[in-house]
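**Q** My numbering numbers the first residue of the sequence shown as 1339 and each following residue consecutively.
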Amino acid sequence: MSRGISSRRRRQELPLAPIDRILHQAGAERVSEEAAVFLRDFLEKLAREVAKEAVEASRHAERKTVTEEDVRFAISRIQRYLCANYELARLSSPEEQY
1339 MSRGISSRRR
1349 RQELPLAPID
1359 RILHQAGAER
1369 VSEEAAVFLR
1379 DFLEKLAREV
1389 AKEAVEASRH
1399 AERKTVTEED
1409 VRFAISRIQR
1419 YLCANYELAR
1429 LSSPEEQY
């Protein structure tokens, strides 16, 4: 693989320090480890989904290289999906509006 990345490398998690820093930059005075771990896990899942969509877009374009355009396209697809499902949930539960 390129850039010295081993395909046999065990699953790496995002470090907690940047997650903690993001939460502090958002205004948190203190951050529990559970909160940082939960946000990290969510962001990892989101990144995997974006990556899958971006790879699919590059393959559809018959390219082996995933481009920034593929990633932007993947994010926009996921955003549309999330917004559509949020609207459906909101419309089906009007008593639980946020």
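All C-beta atoms, glycine included, are put in the ideal place defined by N, C-alpha and C.
1. Kindly indicate which three-state DSSP category proline 1356 falls into: helix, strand or coil?
2. Rounded C-beta distance between alanine 1392 and valine 1375? I'm assuming under 8 Å.
3. Let's test the definition: count the other Cβ atoms within 10 Å of the Cβ of alanine 1422 and tell me whether it reaches 16, buried, or not, exposed.
4. Using CA coordinates, which residue listed in Glu1400, Glu1387, Arg1397 is at the minimum distance from glutamine 1417?
5. Check valine 1388 in the structure and name its three-state DSSP category.
6. I need the DSSP call for arginine 1415, collapsed to helix, strand or coil.
7. For isoleucine 1357, which residues of its own chain have a beta-carbon under 6 Å away from its beta-carbon, when the five flanking residues on both sides are left out?
**A** In short:
1. Under the three-state reduction of DSSP output, proline 1356 falls in the helix class.
2. Contact doesn't hold; Cβ gap of about 26 Å is too wide.
3. With fewer than 16 other Cβ atoms within 10 Å, it is exposed.
4. With distances taken between Cα atoms, glutamine 1417 lies closest to Glu1387.
5. Helix, per DSSP.
6. In the structure shown, the three-state DSSP call for arginine 1415 is helix.
7. The answer, listed in chain order, is Ala1374, Leu1377, Arg1378.
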